[in-house]
Amino acid sequence: MSEYETFQHGKPRFDQNKFSGRFRHFLDVIDPSTLFVSEKRLQESVELLDRFKQGTLPPGVTDAQLWQAQKIKQAIIHPDTGEKILMPFRMSGFIPFGTPVVVGLLLPNQTLVSTIFWQVLNQSHNACVNYSNRNASKPAPASKFFQGYLGAVTSAVSIAVGLNVLIQKSSRFSPTTRLLVQRFIPFPAVGEFKGLRETTMGWIG
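The sequence shown begins at 20 in the working numbering and counts up by one.
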């Protein structure tokens, strides 16, 4: 049996009724190899899909080629605007561009400045990813995005800095315990921001 099922335009390649299919679909979405697709290859993929829709495919085109063309187009082109998504904000760029920030969040012995820097950088990246991949068929004023973004960033930074100060001033923790607890501070801050960010993205579609 072929690894590639019959191509269906606009449909996921893998069975979404199975966990394995959803998992493989997710791996496809975040596959960083699509970051290296050339402009020529992108245009060829778009043209191939257009010809499929028009029923004018040249002889010899395989399902594998069509699935790959769709993967490339969906990874790079916004489905509503038809414009290219900036590389750091594509879903396929989340791991290579997001991982260094996560490492920065977990660095030990952070100062007040470094705590604020990494929180803002992480949350700004996440917000840009969400905004760049938003449902643009329902346009909303950019001011709503910025208002929600600033509120969410302020909240997350306040949590991270506040917890750091409380832990540093507490006499209940040994130096080792204090360091261990501080390692987990980014998680509640990021979690709080995530909820606010999702609410914000809901406003803008």
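For glycine and all other residues, C-beta sits at the position ideal for the given N, C-alpha and C. Computed from a predicted structure; not experimentally measured.
{"query": "Ends of the alpha helix (DSSP H) at I135?", "result": "L131 to S151"}
{"query": "For I96, which beta-bridge partners are listed by DSSP?", "result": "K103"}
{"query": "According to the neighbour-count rule (16 or more other Cβ atoms, all chains shown, within 10 Å of its Cβ), is T134 buried or exposed?", "result": "buried"}
{"query": "To the nearest angstrom, how far is it from the Cα of L182 to the Cα of P115?", "result": "29 Å"}
{"query": "Grouping DSSP H, G and I as helix and E and B as strand, with all else coil, what is P51?", "result": "helix"}
{"query": "Start and end of the alpha helix (DSSP H) containing T25?", "result": "First-last for T25: undefined, no H or E at that position."}
{"query": "Looking only at C-alpha atoms, which of N141, K163 and G101 sits nearest to T118?", "result": "N141"}
{"query": "Does the beta-carbon of D47 have 16 or more other beta-carbons within 10 angstroms, so that it is buried, or is it exposed?", "result": "buried"}
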